[in-house]
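Counting in this note's numbering, the sequence shown runs from 139 upward without gaps.
Ideal Cβ placement from N, Cα and C applies to all residues, glycine included.
Have a look at the structure below before the remarks.
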Amino acid sequence: MKKIPYKSLAEDRATGEFTVKKSRFIGDLFLVHDEEEATEALKIVQQEHRDATHICYAYILNEDVEKMKSSDNGEPQGTAGAPILNALQKNELTNVLATVTRYFGGIKLGAGGLIRAYGKGVTVAIEEANLAIYDFFTVAQIKVSYSDHDAVKYFLKQNEIPILDEQFSEVVTLQIQLKKSEADNFNNQLANRFNGRYALTVIAERILPTLIS
C-alpha cells in the first residue's frame with residue numbers, strides 16, 4: 139500500500155552542481171512515479187552528458203511495495219549509488235530519481251571523498267528544488283442560498299480553504315478543496331455555523347502537492 143502523505147519534488151526536475159579537486163559533479167532530481175519513468179529520466183541525463191566519466195543514480199518509488207535501486211556505474215562499489223540513496227532517505231524523499239554525473243578532473247578523491255561528493259550531489263540539487271508534501275485532498279461542492287453566500291465565503295477564507303469554482307443559479311454553488319483528513323471536522327464546523335443551511339457533496343478525491351515553505 140502506498141505511503142500517504144509523502145515528501146517529493148513539486149516540479150519535474152531540479153539541478154545543482156559543484157566542483158571538488160577539478161572533478162565536476164552535477165546532481166539532478168526527477169519526479170518519477172514508476173520504474174519506467176525513472177528509466178526514461180535516466181536516459182535524458184545520459185544523452186545530455188554523453189562524455190561524462192560516470193553517471194551514478196538511485197531512486198525510491200512509493201508503490202504498493204516501496205522500491206529502491208542504486209548504481210555505482212563504474213565507481214568503486216558502495217562509493218556512489220549508496221550515498222545517493224542515503225541522501226534521498228535522509229531527506230525523506232520518495233518518487234524521486236537522483237542522478238549524480240561526474241566529469242573526472244584528473245585527481246583521485248579516494249573512497250571517502252567519493253562518498254562525500256556523491257552525497258553532496260544530491261544535497262546541492264535539493265537546495266535548488268521546490269519540495270512538497272503529497273496528501274489526499276477532497277474536492278466538494280457547497281450549495282448555499284444567496285443570503286448565506288458572503289458569510290460562507292468569509293468562513294472559507296478564515297479556514298484557508300480555496301474556492302476552485304463559483305456558479306450562480308437558483309442557489310450559489312461553491313467548489314472547494316481541502317485535505318481529506320480535515321473534511322469531517324470542516325463539515326461539523328460548517329453545520330454548527332450555518333445550522334444545516336447548505337448542501338455539501340463530495341465530487342472527487344485526489345493526491346495533490348502542498349509546497350514546503
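Contact between L235 and Y272 is ruled out by a C-beta separation of about 16 Å, above the 8 Å threshold. Boundaries cannot be given for Y336, as no alpha helix (DSSP H) includes it and DSSP labels it neither H nor E. Between V277 and A225, the CB-CB gap reaches or exceeds 8 Å. With a cut-off of 8 Å on Cβ pairs, the segment 301-316 is in contact with the segment 280-290, counting three or more such pairs.
Taking 8 Å as the cut-off, the Cβ atoms of A218 and V238 count as close. Residues V310 of the same chain have their beta carbon placed closer than 7 Å to that of Y284, with the five preceding and five following residues left out of the count.
The alpha-carbon separation between N229 and N297 amounts to approximately 30 Å.
Comparing C-alpha distances from E186 to each of L328, I164, R344 and G334 shows the shortest one belongs to I164.
The beta carbon of H192 sits closer than 6 Å to those of N211, G212, E213 and R240, all from its chain and outside the five residues before and after it, given in chain order. Taking a contact as a CB-CB distance under 8 Å, the pair N200 and N233 counts as one, their CB atoms being some 5 Å apart. In the three-state reduction of the DSSP assignment, T239 falls in the strand class, which pools E and B. Unbroken beta strand (DSSP E) runs of no fewer than 3 residues, entirely contained in the segment 150-183, are found at 151-158 and 161-169, following chain order. Judged by beta-carbon spacing, F168 lies beyond the 8 Å limit of D189, meaning their Cβ atoms are not closer than that value. The continuous alpha helix (DSSP H) containing E265 extends over residues G248 to E265. Between A255 and V158, the gap from beta carbon to beta carbon is short of 8 Å. Annotation: the continuous beta strand (DSSP E) that includes I193 extends over H192 to L199. Taking the C-beta atoms as reference points, D166 is found no nearer than 8 Å to A270. Look at Q215 here: in three-state DSSP terms it is coil, with no helix or strand label.
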